[in-house]
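Numbering (our numbering), first residue to last: 45 to 237. Just so you know, even glycine gets a beta-carbon here, dropped at the ideal spot from N, CA and C.
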């Protein structure tokens, strides 16, 4: 039995909403631990991290809102929603690229640099793909590859940001930055759950 396009789009919107929610929880836990202040190697790295989080939210929003719009309304409304969110994603991509190029922006992370440029290329492709596939007013099916590419790029960026934080935490633990005298050192109660 084949799934109709509305069911597929609603499923993709549900996946995107779940990933946004999980990302929000992760960001709040990260901010709540106060590790972001201790682990940032420079102001440029902190600005890049903030810009990257903003980018991830924008890219997760694109498949969520475009899929919902295409599932309920005519393709023209889906195209207009896609255009509006694409402008936001493009502006966020330019901002993260600009912050990446700032001295110390990536915090010496090759993974973040590779991810940044791969996702920048993905954004360029996903923005033009519906019109390449479907013409001036693409059908709902022409947006599917862009929606899936946006989900993949946002997920890859989420993974890159998480791995960067794990690397920083491991480096700080090895250097002894979390000693008992540090006001931000985790307590034994926090370590035990």
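According to the DSSP assignment, residue 159 belongs to the alpha helix (DSSP H) that extends over 154–178. For residue 50, the number of other beta carbons within 10 angstroms of its own is below 16, and it is reported as exposed.
The Cβ atoms of residue 207 and residue 122 do not sit closer than 8 angstroms to each other.
Excluding sequence positions up to five before and after residue 187, its CB lies within less than 7 angstroms of the CB of 110, 114, 122, 126, 174, all in the same chain and listed in chain order. Within its own chain, the residues whose Cβ lies closer than 6 angstroms to the Cβ of residue 102, once the five positions on either side in sequence are excluded, are 132, 133, 136, listed in chain order. CA-to-CA, the gap between residue 200 and residue 159 works out to about 7 angstroms. Each residue's CA atom was taken as its position, placing residue 93 and residue 48 some 39 angstroms apart. At a Cβ-Cβ threshold of 8 angstroms, residue 195 and residue 59 count as neighbours. The straight-line gap separating the alpha-carbon atoms of residue 204 and residue 164 is approximately 14 angstroms. DSSP, reduced to helix, strand and coil, places residue 118 outside both helices and strands of the structure shown, so it counts as coil.
Remark: C-beta atoms of residue 184 and residue 107 do not approach each other more closely than 8 angstroms. In this structure, DSSP gives residue 56 a helical state, which the three-state scheme calls helix.
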